[in-house]
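Counting from 1, position 32 in the sequence shown corresponds to residue 67 in this note's numbering; the numbering is continuous, with no gaps. Note that CB positions come from ideal geometry on N, CA and C, so glycine has one too. Below you'll find the structure, written out as structure tokens, and then a few comments.
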Amino acid sequence: MTELVHLDVADGVATITLDSEHNRNALSRQLVTELGAHLEAAEADADAKVIVLRSAHRVFCSGADLSEAAEGSMQQGAATLIDLQRRLATSAKPVVVVLGGPVRAGGLGLVGAADIVLATRPVTFALTEVRLALAPAVISASLLPRLSPRAASELFLTGRKFDAAEAAEIGLVTRVVEDGELDAALQSVLADLSLGYPQGFRETKALLNHDLVERIDRLGDQLAEQSARLFGSDEAREAMLAFLSRKG
36 MTELVHLDVA
46 DGVATITLDS
56 EHNRNALSRQ
66 LVTELGAHLE
76 AAEADADAKV
86 IVLRSAHRVF
96 CSGADLSEAA
106 EGSMQQGAAT
116 LIDLQRRLAT
126 SAKPVVVVLG
136 GPVRAGGLGL
146 VGAADIVLAT
156 RPVTFALTEV
166 RLALAPAVIS
176 ASLLPRLSPR
186 AASELFLTGR
196 KFDAAEAAEI
206 GLVTRVVEDG
216 ELDAALQSVL
226 ADLSLGYPQG
236 FRETKALLNH
246 DLVERIDRLG
256 DQLAEQSARL
266 FGSDEAREAM
276 LAFLSRKG
């Protein structure tokens with residue numbers, strides 16, 4: 036089986052790369068399982084002070100794997116996505132997400148749970164769940180603490196596309212850079228982070244993410260159950276199959 040997520044540790048940085056081009060890094064069972072394993076390995080690696088999450092291809096993440104969702108239960112997948120958000124938020128190491136291309140639906144949960152998010156100006160986002168008879172239940176765990184309430188209300192309900200500049204304005208993205216300057220911006224952030232100490236990172240992240248983690252712990256099971264129920268509904272299955280037939 037071809038690996039869909041890669042881990043490379045060098046110069047104090049654990050880089051985790053999503054590499055499932057055939058489905059635009061959709062959150063398949065294999066991808067989320069490998070992502071969780073690599074996050075665990077990066078957390079345990081004494082040579083890594085910082086974790087970077089990025090994509091090998093243009094699209095960062097297209098959301099749930101709808102072909103899998105249309106075929107069976109999403110209970111395990113929803114629970115795994117809750118766990119991934121918690122892992123990112125509770126990691127003792129700063130997590131930097133690097134976005135050079137589109138992010139959709141469930142992929143925004145990975146963005147919301149990260150500490151620092153860099154995006155190029157052309158990057159677009161969309162929370163498209165309502166257009167498939169779903170709700171952004173699981174990813175609301177990390178997104179609602181980040182987004183301004185009015186922005187969350189509009190974007191969750193309309194499912195419309197928004198750009199990196201708007202994402203920064205509402206609290207989803209840390210910094211927007213011009214196309215072609217993403218790697219330079221990442222190196223600048225990594226240079227600053229290289230001056231920090233592990234204890235400082237660990238204790239500061241506990242302060243910063245206290246409310247987010249408390250929300251995940253309090254609501255995680257409920258949100259996973261809601262998500263699985265919606266994915267398994269007749270209305271959502273009909274919407275997903277219609278979407279997949281149009282896409283095909």
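By DSSP, does residue i sit in helix, in strand, or in coil?
i: Val173; result: coil
i: His92; result: coil
i: Arg250; result: helix
i: Ile51; result: strand
i: Val208; result: coil
i: Leu179; result: coil
i: Val87; result: strand
i: Thr163; result: coil
i: Thr193; result: helix
Pull up the distance between the alpha-carbon of residue i and that of residue j, whole angstroms please.
i: Thr155; j: Arg139; result: 15 Å
i: Thr37; j: Arg185; result: 42 Å
i: His41; j: Lys128; result: 18 Å
i: Thr115; j: Ser223; result: 32 Å
i: Asp118; j: Leu258; result: 12 Å
i: Leu217; j: Ala81; result: 27 Å
i: Ile174; j: Gly141; result: 6 Å
i: Gln65; j: Ala91; result: 17 Å
i: Thr209; j: Ser268; result: 36 Å
i: His57; j: Leu39; result: 10 Å
i: Ile251; j: Thr125; result: 11 Å
i: Ala161; j: Arg195; result: 6 Å
i: Ile205; j: Asp198; result: 11 Å
i: Val132; j: Glu189; result: 24 Å
i: Leu242; j: Leu230; result: 19 Å
Let me check understanding here. Comparing Cα to Cα, which of the options lies closest to residue i?
i: Phe278; options: Glu249, Ala99, Asp118 and Ala113; result: Ala99
i: Leu134; options: Met109, His57 and Phe95; result: Phe95
i: Gly112; options: Asn244, Glu69 and Glu273; result: Glu69
i: Ala149; options: Leu190, Ser188, Leu247 and Glu238; result: Leu247
i: Pro180; options: Arg89, Thr163, Val146 and Arg59; result: Val146
Just to confirm before moving on: does the CB-CB distance between residue i and residue j stay below 7 Å?
i: Ser183; j: Gly144; result: no
i: Leu74; j: Arg122; result: yes
i: Asp214; j: Pro157; result: yes
i: Val211; j: Ala220; result: no
i: Thr50; j: Val87; result: yes
i: Ala104; j: Phe236; result: no
i: Ala271; j: Leu192; result: no
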